[in-house]
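Colleague: Protein chains in written order, with the working numbering: chain Z, 2 to 382; chain H, 4 to 519. Encoded as structure tokens, here's the structure I'll be asking about.
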């Protein structure tokens, strides 16, 4: 009842605001969604029905209690000449309204306990996916398949800053989605590399905290092919709002093809490590990669954030010995937010980034790093 | 004995008078309420539309952190301590608090704690940005340098709260007028007695948590760092062992206030006094065994999930008893609807709605969808704003005539109420929807699917903020030029505070009253 009233109100108010704002917004995004998604897995549908069951219990209790209150507020007011009674105790009544809520909560708790036990049964999974949270991207590894990759936000900076029109999947799109087969029991092993994140895909009703040093598990069984989007659900620093999750559920054959594709491109990348690049190639690629992986802290113009994220423009690292510069990027700086990128980026990528950082924003060092240098550094040479 | 207050500024600096200290607490809390409100408006302004328009994500995180800290430790808790200072001695017939010098100190360290906390906004690296819950390792290894000031400020606030609590317990247990037995104490005194015990139990736990954070952040320990043998989840257990009783610290005194106001305006005694006392004690006890329901997604073993789910569901029983008792108090009364009563009724309705979403959140499997979304934000604002803020507002309107000797403007009070009531619901009700639709909390930007609800919330927030300006004006106008209040103020209210003149003289109950 209340809900309908508020929705009506929301519509009226929203409509006026909408007229003013609609030009800036894309049309395809589903709007005015007000309830939990039933999702596409047996567990998520079960969770949804629990949620609705709870909701109706609450509505029922609310209607009874508030009705008595409103009736009393209407009838027993001084302006209608009501004479106050003086009753102030009734053991029987109090026993009744202790016992009834108690019974209701048992009715609520039993189905919830059953689904919880089901939700915790991660045994007999056919596919294991290791999910690792990083500031601020996700890494996926299909265990036993030698496929491992990072998934970054794909929304361009221009859309975020309002210089370009926002797409329908604004902030919910990634460069490399996770592909999973439908009709198989999939287990997620969730952990983190730096701070606590939380891997949440509403359509699967999975939300598992990604905790550095610990591995949590969850499982799913996707029934319908489709693209399912989620977000990090635990405050993890500056770009907490900018690390979405995209899962594409496909047929088993398509999933296999995707795996092969991933393996092939990883092999191609490994080959590139031995190639020698020109300065321009490295600088150009470095600029793109820098903006994707580094600019969220050190900023696009390399000036950083005073006191938290050091500037790279004119910095002792970017204008000092190149070996040290490579070391900082590959191994990170212990005890600070500077991560070890050695395992997150390929040799080619790191070489490009180092080259870019040493020559951009007037650093003009004039030197460059080749993928092989990075490889050698990692090997301890 | 009939000497008045000292003259000049030193009156306030050196005062050991419970009324002076109570007033200072209340004004301080009022100021912090506006500071925290401004932070909230910055958040709502950024969230008015998708895209980053006004603040950087890092500053946004500082705003959510400071909004939480200032509202919890600066606005709500000092307001309740202020009310306790003013009202407990008047309600139990005591001349003052039991430990007046400590009372002075516990207030005067507070402004410095908040000066220190707010000064971090101007520091290199900015203010704390890890949320008011300061989960490690975001608040340790990854924290801005200002985390040290945050830790020290929390320590001082904790010390202040512990001293306040000790004082309240000592006053209630030792200074009741002859004949004022425990089971004759007003509900506000009872709820504060129980709250004070919660405070001295959990504030040291918070002190321990922040000290470990300090050690991890600056002295190389690894309490919460798995790489050094620690455990990030341990932090959450320690924090919420403080944090859950803390939310009851912010609501139990409110129960006391509402239990005073509803009988007055229903002209009928409080229904089920003793069950109210037992229910309060039961809620306080249960508050110690439900903390991990804030952590259903951290990967606890199934036995832990089940225990915390069932224990949390149990809380709805004593809380339900309270709601039913208030409704029964209203039933067959002879009600009038002055401003304090309006706020009290809104409290009962809206706090119940917050309670409903609380029961939903207790269901662990469903919590996997609700956790850390705007549904949770809607839930705790529905319990804290109508719960703590509305009850404090009701208390101010109810007792201001006793404190100042002057009536507030009733029309303006009603305007304040309706603006606040509409503003609150327009702000927080749509958050249920954006949360269920999948919007995580603490994000500065979002997809267009959440745009409409957020725009409505932001409009509501502005309205709610404007309502508080009316409140401030009404209070100041009443104190300066309100019409004179009678000693009883209301129609035959119950309680010793109404037996003293309005305004309450500087010293009251120098001779203990007789309680029949």
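Glycine is no exception: its CB is placed at the ideal position from the N, C-alpha and C atoms.
Roughly how many angstroms lie between the CA atoms of residue 229 of chain H and residue 134 of chain Z, to the nearest whole one?
Modeller: For residue 229 of chain H and residue 134 of chain Z, the distance between alpha carbons rounds to 15 Å.
Colleague: Using only the alpha-carbon positions, how far apart do residue 298 of chain Z and residue 122 of chain H sit?
Modeller: Between residue 298 of chain Z and residue 122 of chain H, the C-alpha separation is close to 24 Å.
Colleague: Quick check: the Cα distance between residue 208 of chain Z and residue 182 of chain Z, rounded to an integer number of angstroms?
Modeller: Taking the straight line from one Cα to the other gives about 20 Å.
Colleague: Provide the residue(s) that pair with residue 188 of chain Z in DSSP beta bridges, ordered along the chain.
Modeller: Residue 188 of chain Z is bridged to Z:129, Z:220.
Colleague: Any residues in the region 319-344 of chain H with a beta carbon nearer than 7 Å to a beta carbon of chain Z? Which ones, in chain order?
Modeller: So the list reads 319, 320, 323, 324, 326, 327, 330, 333, 334, 335, 336, 337, 338, 339, given in the order they occur along the chain.
Colleague: Looking at the unbroken alpha helix (DSSP H) that takes in residue 232 of chain Z, where does it start and where does it end?
Modeller: Taken as a continuous stretch (DSSP letters only), residue 232 of chain Z belongs to no alpha helix (DSSP H), being part of the beta strand (DSSP E) at 227-233.
Colleague: Kindly list, in the order they appear in chain H, the residues whose Cβ is closer than 9 Å to that of residue 314 of chain Z.
Modeller: None at all; the shortest Cβ gap to chain H is about 18 Å.
Colleague: List, in order along the chain, the chain Z residues whose C-beta lies closer than 7 Å to that of residue 278 of chain H?
Modeller: The contacting residues are 95.
Colleague: Who are the Cβ neighbours of residue 371 of chain Z in its own chain at under 7 Å, not counting the five residues just before and after it?
Modeller: Cβ within range, chain order: 277, 278, 352.
Colleague: In the DSSP assignment, find the alpha helix (DSSP H) that holds residue 9 of chain H and state where it starts and stops.
Modeller: Note, residue 9 of chain H: premise wrong, no alpha helix (DSSP H); not H, not E.
Colleague: Just to check my reading of the structure: residue 106 of chain H and residue 157 of chain H have Cβ atoms closer than 8 Å, yes? What is that Cβ distance to the nearest angstrom?
Modeller: Incorrect: roughly 21 Å between the Cβ atoms, too far for contact.
Colleague: If we require 4 or more residues per run, which alpha helix (DSSP H) segments fall completely within the region 214-287 of chain H?
Modeller: Runs found: 235-252, 255-269.
Colleague: Any C-beta of chain H sitting closer than 9 Å to the C-beta of residue 157 of chain Z?
Modeller: Residue 157 of chain Z does not count as touching chain H.
Colleague: First and last residue of the beta strand (DSSP E) that includes residue 334 of chain Z?
Modeller: From DSSP, residue 334 of chain Z is part of no beta strand (DSSP E); its letter is neither H nor E.
Colleague: Of the choices Z:233, Z:238, Z:256, Z:237, whose alpha-carbon is the least far from that of residue 246 of chain Z?
Modeller: The shortest Cα separation from residue 246 of chain Z among Z:233, Z:238, Z:256, Z:237 belongs to Z:233.
Colleague: Listing by chain order, which chain H residues have their CB less than 8 Å from the CB of residue 111 of chain Z?
Modeller: Chain H residues near residue 111 of chain Z: none, gap ~10 Å exceeds 8 Å.
Colleague: I'd like to check one pair, residue 223 of chain Z with residue 267 of chain Z: are the Cβ atoms closer than 9 Å?
Modeller: No, the pair does not count as a contact, with Cβ atoms beyond the cut-off.
Colleague: Using the C-alpha atoms, what's the distance from residue 263 of chain H back to residue 505 of chain H?
Modeller: Answer to the nearest angstrom: the Cα atoms are 18 Å apart.
Colleague: DSSP state of residue 409 of chain H, grouped into three classes?
Modeller: Residue 409 of chain H: strand per DSSP, three-state reduction.
Colleague: Take residue 110 of chain H and list the residues in its own chain whose beta-carbon comes closer than 7 Å to its own, dropping the five residues that flank it on each side.
Modeller: Counting only Cβ-Cβ distances below 7 Å, and skipping sequence neighbours, we find 24, 27, 28.
Colleague: Could you give the DSSP three-state label for residue 135 of chain Z: helix, strand or coil?
Modeller: Three-state DSSP puts residue 135 of chain Z in a strand.
Colleague: Which residue's Cα is closest to the Cα of residue 423 of chain H: H:411, H:385, H:403, H:502?
Modeller: Of the listed residues, the one whose Cα sits closest to residue 423 of chain H is H:385.
Colleague: For residue 397 of chain Z, which of helix, strand or coil comes out of DSSP?
Modeller: Residue coverage of chain Z in this structure runs from 2 to 382, which leaves residue 397 of chain Z outside it and unanswerable.
Colleague: Going by DSSP, which residues form a beta bridge with residue 202 of chain Z?
Modeller: Note: residue 202 of chain Z sits in a beta bridge opposite Z:207.
Colleague: Kindly say whether residue 67 of chain Z, judged by its beta-carbon, lies nearer than 9 Å to any beta-carbon of chain H.
Modeller: True, the Cβ-Cβ gap to chain H drops below 9 Å.
Colleague: Return no unless some Cβ of chain H is closer than 9 Å to the Cβ of residue 365 of chain Z.
Modeller: Residue 365 of chain Z does not count as touching chain H.
Colleague: Taking Cβ to Cβ, would you say residue 250 of chain H is nearer than 9 Å to residue 186 of chain H?
Modeller: Contact: no.
Colleague: I'd like to know whether the C-beta atoms of residue 390 of chain H and residue 359 of chain H end up nearer to each other than 9 Å.
Modeller: Cβ atoms of residue 390 of chain H and residue 359 of chain H: not closer than 9 Å.
Colleague: Measure the alpha-carbon distance for residue 359 of chain Z versus residue 288 of chain Z and round it to whole angstroms.
Modeller: Rounded to the nearest angstrom, the two C-alpha atoms are 11 Å apart.
Colleague: Are there three or more Cβ pairs, one per stretch, closer than 8 Å when the region 370-378 of chain H is compared with the region 199-207 of chain Z?
Modeller: The region 370-378 of chain H vs the region 199-207 of chain Z: in contact.
Colleague: In angstroms with no decimal places, state the Cα-to-Cα distance between residue 344 of chain Z and residue 455 of chain H.
Modeller: Computed Cα separation, rounded: 41 Å.
Colleague: Cutting at 6 Å between CB atoms, please list the residues of its own chain near residue 7 of chain H, excluding the five before and the five after it.
Modeller: Within the same chain, residue 7 of chain H has close Cβ partners 509.
Colleague: Under three-state DSSP, which class holds residue 83 of chain H?
Modeller: Residue 83 of chain H: helix per DSSP, three-state reduction.
Colleague: What does residue 301 of chain H reach in chain Z if we use C-beta pairs closer than 8 Å?
Modeller: Ordered by position in chain Z, the residues that pass the 8 Å Cβ test against residue 301 of chain H are 210, 212, 217.
Colleague: Is residue 444 of chain H helix, strand or coil by DSSP?
Modeller: Note: residue 444 of chain H maps to coil in three-state DSSP.
Colleague: Among Z:81, Z:363, Z:326, which one has its Cα closest to the Cα of residue 374 of chain Z?
Modeller: Ranking Z:81, Z:363, Z:326 by Cα distance to residue 374 of chain Z puts Z:326 first.
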